[in-house]
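Chains as they are written, first to last, in the numbering used here: chain W, 1 to 279; chain E, 1001 to 1245; chain C, 2001 to 2344. Note that the Cβ used here is the ideal one computed from N, Cα and C, for glycine as well. Presented below is the structure to which this report refers.
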Amino acid sequence: MISQAVPPTSIYLPYLAELLRVESIAEREKLFEFKLSHGKELGHKPGQFVEISLFGIGEMPISISSSPTRKGSFELAVRAVGNVTNALHRLSKGATVGIRGPFGNGFPVDNLKGKDIVIVAGGIGLFPLRSLINYILDKRSEFGRLIILSGSRTPQERMFVNELEKWHKREDVELLETVDEGDEEWTGHVGVVTTLSSEVHIDPEKIFAVVVGPPVMYKFVVAECHKKGIPDERIIMSLERRMKCGIGKCGHCQINGVYVCQEGPVFTYAEVKKLREAI
Amino acid sequence: MKAKLGFFDFTGCEGCQLEVLNFETELVELLNHVDIVNFREAKTEREDNYEIAFVEGSITRESEIPRLKKIRQQAKIVVALGACACLGGVNCLKNFRPMEENLRIVYGDAARYYDTIPARPISSIVPVDYYVPGCPIDKKEFLKVTKALLLGKRPEIPNYPVCVECKLAGNVCTFDKGETCLGPVTRAGCNAICISNGRHCWGCRGPVDDPNTNSEKEILQKHGLTVEDILNQFRIFNGYLEVSK
Amino acid sequence: MENKIIEKQNMAPFVDNLINAEAEVIGPKRKDGKYAFDKLIETGELCLDYDTTLLPPKMYLFPPKETLIKFELGKEPKVEPVAEAKPLILFGVHPYDIKAIELLDVAFSTTNPDINYLSKREKAVIIGVDCLNPNPNAFCPSLGTATAETGFDLMLTDIGDSYVVAIGSSKGEQLLTKYAETREASQAELAQRNSERQKALARYKVTLNISPEELPQLLGKSWDSPWWKEKSEKCLSCGSCIVVCPTCFCFDVQDDIALNLKEGERYRQWDGCMLADFAAVAGEGNFRGDKESRFRHRMYRKGKYIWERYEKLGCVGCGRCASACLAEIASPAETFNKLKEESK
Ligand SMILES: Cc1cc2nc3c(=O)[nH]c(=O)nc-3n(C[C@H](O)[C@H](O)[C@H](O)COP(=O)(O)OP(=O)(O)OC[C@H]3O[C@@H](n4cnc5c(N)ncnc54)[C@H](O)[C@@H]3O)c2cc1C
Ligand code: SF4
Ligand code: SF4
Ligand code: SF4
Ligand code: SF4
Ligand code: SF4
Ligand code: FES
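Structure (structure tokens):
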């Protein structure tokens, strides 16, 4: 029997959005600022994502990189890797795209309030984390310490360099950066992101770790967190899977019995650990 | 600006190009977006400023190699068209006979005037960007690939076996009718046309990326084929893959 | 539930009336020695004593390929949703397929209701028929799917000279009143129905040695079994098992554009976890890149994940996958029985 009536609208129909600004952030990465054509806010939480359409090319999931505290528009940061990403990179100001969402659960910002937070970003893991960082900065008094550990492969691949500089200068942000491989000009730390951990002193009783990076990174960061005494429930990560629908129908994003687009993409390590295929 | 396409043929039956000419109405619509600059079958004058080269036929003579290399130099995108260009195709059957014998069979006494080398796909000579497999190619797929290229998109050629499309077409499996089939290791995209028309799949679109050939051989054997039969089945289209191992 | 009788000679007029007066009627027909659901042109084509069909009737509610939106490119692109649906009578659906449709109903209406499925579902009438002639790979009795109490508008059972018709909805009742010659069913005829159903149970050749309620737990502890690798070695990743399955509902989404490179559509088409690229992401990544993990995932879906998510069985025991699998590895019954044995 049908447990619900036919819905009035299609969950597959995107809203239109106008591209307000494109900015290059690294060799293969660009930042795109959009405004929904119907004039309303996207209304997202940090850590959520949208399905962005380029009609005729396709649709793909992209994390929202701006903080919901910055109103009027939203930003997506995208690395060019395939059909839709490359086509998006060819767009310029004034172009129109389709947007569905926001989807997914997002970071548990309410649980983070009043706590110290260590953010661990590997490569483009900074894209979704930037939303959380700016959210915390805009509501700075509601959170404890903010420690950011950011790792890039090379100095050329550092993302959001200007913002990193700004965060560096702030008294209320502890930012540590590293690159896997340095060059002549790089005077900073060299080594994978976990090698920064010795320089960080935390109070394991009141800290949350929020980790986003390439799949290989998670195991190592979790081991570091354990060494520092951070319990599984307070290690938070965002996982990536192939996605088509973003709304729990197409089945592509499954990890065991979990639909990442629904129950995720943000999980605690306590949850992830129970999934055999997760990391 | 319109994109410029060129069509080139090497050793093959030119069936694939004819296939393109076979749907003139669509071709006319497409001509709003492209100029066809070098198409042996359709036009006589030739220009050399094409951006997308569709190459048909396999390479079977020394003299074809520099010509193919020149095409690669000029074109931004090279698309292999049809089983011959993609896989070596039916032409590879001759690889299993001594070369001299081939020449004698084909040219009789005139054989000594021709140079011939083992048939090979164009990708063995130059890098190939995309493939439109099949013998002959499927019109719809050719249009799909061309449209994708015009939109700046990587064409989606399925990487799953013919069985998917065969089942979707509602066919009764040929194995259930006491026959055999190469569908389980062959790349889909043809809508299982041969099976829908009462025949079986002979693998003209080449294998999927990671075919389970051992399992397929076991199944064929279980259904009464000998190793010899099986090799012959595979060789019809995929001979080059076997010799190049 | 109310029951009526349609005499066999009155069945053809009933179907003809439906075809002529009501809606498109889809029913099982012969196809190359097997059966397939197809549009009925005349009653004679209908085979109500079939074993199973090549493809499940879900294809009329969740078509293999279906447009989701249409668009027009340009400075100001236009987009509109598409959800096509027309009145449809699915005639002669077996109980296991009815149970499978009940699962799809839940999957497509939970959380984000899917207009494309639900609008078709709303317009569909389901006239079931008891399966008295099961296919040799089916194991419905072990899963409680050999008969259905809900999910249909009418349910027929062949009792020899006539059909008992159970009325499952007012829609079904109306069709019956309007188009069929019926009479009340006697106690003897209802007893006859039971006995036919009982006799059919004995015709199933495959049995599960575990109850469906225990499956999630059994699978929960079987992740590391050598079975997955051993058995999946022969898998062709050909997807036959998921394409023929009445409970599979995964799909891919792609864009297509017209030759004018202006108008286009976004469509979905059946996809599934047994195909090599189902979990592949841009670049080289594939989260289930080997046959073993795909094979295991499908079995977990059938016996555990779907149950945990929707409280419905992920497999209804129709046996189509086992019949379709050339490598002879796809039957959930074989896997579940084997794991049960291992766990002893
Ligand atoms: C929740 C989530 C958030 C993401 N956030 C970002 C982000 O902020 N910035 C960014 O650059 N990338 C992000 N990605 C990855 C991004 O979705 C893929 O790079 C993108 O889908 C590749 O699409 P394509 O069409 O260019 O590649 P193709 O290889 O042409 O892929 C075709 C289609 O397959 C699917 N697909 C392929 N790769 C992925 C993938 N890695 N993840 C999900 N679906 C995939 C998509 O539907 C895609 O359109 C995110 C992925 C997920 C799941
Ligand atoms: S007929 Fe061939 S392609 Fe079709 S299902 Fe059987 S083996 Fe596969
Ligand atoms: S069914 Fe097989 S032989 Fe026929 S066109 Fe398709 S791939 Fe080629
Ligand atoms: S289990 Fe059988 S039917 Fe399914 S993909 Fe593997 S070989 Fe094909
Ligand atoms: S898994 Fe196999 S037996 Fe179970 S419902 Fe699907 S096709 Fe039928
Ligand atoms: S078994 Fe696989 S294809 Fe079928 S519904 Fe489950 S995940 Fe999707
Ligand atoms: S992306 Fe479709 S179910 Fe999650």
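Residue i versus chain E: which residues are under 9 Å apart at the beta carbon?
{"i": "R79(W)", "result": "Within chain E, no residue comes near R79(W); the closest Cβ sits about 16 Å away, beyond 9 Å."}
{"i": "V87(W)", "result": "The sequence shown places Ala at residue 87(W), not Val. By Cβ distance, chain E contributes L1151, G1152, K1153."}
{"i": "A2036(C)", "result": "G1170, V1172"}
Rounded to whole angstroms, what's the CA-CA distance from residue i to residue j? Just pull it up for me.
{"i": "F2139(C)", "j": "G2319(C)", "result": "7 Å"}
{"i": "Y1113(E)", "j": "A1119(E)", "result": "Here Y1113(E) scores only 46 on pLDDT, less than 50, and its place in the model is too uncertain to base an answer on."}
{"i": "T2182(C)", "j": "G106(W)", "result": "59 Å"}
{"i": "F34(W)", "j": "C261(W)", "result": "22 Å"}
{"i": "F103(W)", "j": "T2177(C)", "result": "48 Å"}
{"i": "V2316(C)", "j": "A2100(C)", "result": "6 Å"}
{"i": "W2227(C)", "j": "E2328(C)", "result": "14 Å"}
{"i": "T2110(C)", "j": "Y269(W)", "result": "27 Å"}
{"i": "D180(W)", "j": "V78(W)", "result": "21 Å"}
{"i": "L129(W)", "j": "G94(W)", "result": "27 Å"}
{"i": "F55(W)", "j": "T85(W)", "result": "13 Å"}
{"i": "F1096(E)", "j": "R1067(E)", "result": "Note that F1096(E) has pLDDT 43, beneath the 50 cutoff, so the model's placement of it is unreliable and the number below is only indicative. Cα-Cα distance, rounded: 26 Å."}
{"i": "F2249(C)", "j": "Y2300(C)", "result": "15 Å"}
{"i": "D2105(C)", "j": "L2118(C)", "result": "8 Å"}
{"i": "G2289(C)", "j": "T2335(C)", "result": "21 Å"}
{"i": "A1003(E)", "j": "K1147(E)", "result": "11 Å"}
{"i": "S100(W)", "j": "L137(W)", "result": "Note that residue 100(W) is Arg in the sequence shown here, rather than Ser. The alpha-carbon atoms of R100(W) and L137(W) are separated by roughly 27 Å."}
What residues from chain W crowd round residue i, counting only those whose CB sits closer than 8 Å?
{"i": "P2063(C)", "result": "Chain W residues near P2063(C): none, gap ~15 Å exceeds 8 Å."}
{"i": "I2257(C)", "result": "G56"}
Would DSSP call residue i helix, strand or coil?
{"i": "M243(W)", "result": "coil"}
{"i": "P2057(C)", "result": "helix"}
{"i": "S10(W)", "result": "coil"}
{"i": "A1053(E)", "result": "strand"}
{"i": "F1142(E)", "result": "helix"}
{"i": "H89(W)", "result": "helix"}
{"i": "F2062(C)", "result": "coil"}
{"i": "L1151(E)", "result": "helix"}
{"i": "M2274(C)", "result": "coil"}
{"i": "R282(W)", "result": "Nothing can be reported for residue 282(W), as the shown portion of chain W is limited to 1 through 279."}
{"i": "Q48(W)", "result": "coil"}
{"i": "A1111(E)", "result": "Here A1111(E) scores only 43 on pLDDT, less than 50, and its place in the model should not be relied on; the value that follows carries that caveat. Helix at A1111(E)."}
{"i": "R1097(E)", "result": "Unreliable positioning characterises R1097(E) in this predicted model, as indicated by a pLDDT of 45, which lies under 50. A coordinate reading is not provided."}
{"i": "N1159(E)", "result": "coil"}
{"i": "F220(W)", "result": "helix"}
Starting from residue i, trace the alpha helix (DSSP H) both ways and give me its first and last residue.
{"i": "S2323(C)", "result": "2320-2324"}
{"i": "Q2198(C)", "result": "2187-2201"}
{"i": "V272(W)", "result": "269-272"}
What residues of chain E sit near residue i, judged by a beta carbon separation below 7 Å?
{"i": "L2326(C)", "result": "F1175, P1184, I1219"}
{"i": "I57(W)", "result": "L1151, K1153"}
Chain C partners of residue i, CB-CB under 7 Å?
{"i": "C1163(E)", "result": "C2238, G2239, S2240"}
{"i": "N1159(E)", "result": "A2276, D2277"}
Mind pulling the chain C residues with CB within less than 9 Å of residue i?
{"i": "K1140(E)", "result": "In chain order: nothing, as chain C lies at least about 10 Å away."}
Under 8 Å Cβ-Cβ, which residues of chain C neighbour residue i?
{"i": "Q262(W)", "result": "T2111"}
{"i": "C250(W)", "result": "C2250, F2251, D2252, V2253, R2268, D2271"}
{"i": "T9(W)", "result": "P2081, I2115"}
{"i": "H1200(E)", "result": "Correct list: empty, because the minimum Cβ distance to chain C is about 13 Å."}
For a quick check, are the C-beta atoms of residue i and residue j less than 8 Å apart?
{"i": "A87(W)", "j": "G1152(E)", "result": "yes"}
{"i": "I1230(E)", "j": "K1217(E)", "result": "yes"}
{"i": "E59(W)", "j": "I52(W)", "result": "yes"}
{"i": "V200(W)", "j": "G151(W)", "result": "no"}
{"i": "L1143(E)", "j": "L2259(C)", "result": "yes"}
{"i": "S2186(C)", "j": "K2008(C)", "result": "no"}
{"i": "F2037(C)", "j": "G2027(C)", "result": "yes"}
Beta strand (DSSP E) containing residue i: first to last residue?
{"i": "N2003(C)", "result": "2003-2007"}
{"i": "G122(W)", "result": "116-122"}
{"i": "F34(W)", "result": "29-36"}
{"i": "P61(W)", "result": "58-63"}
{"i": "Y15(W)", "result": "15-26"}
Since residue i meets chain E, which of its residues come closer than 8 Å, beta carbon to beta carbon?
{"i": "R90(W)", "result": "G1152"}
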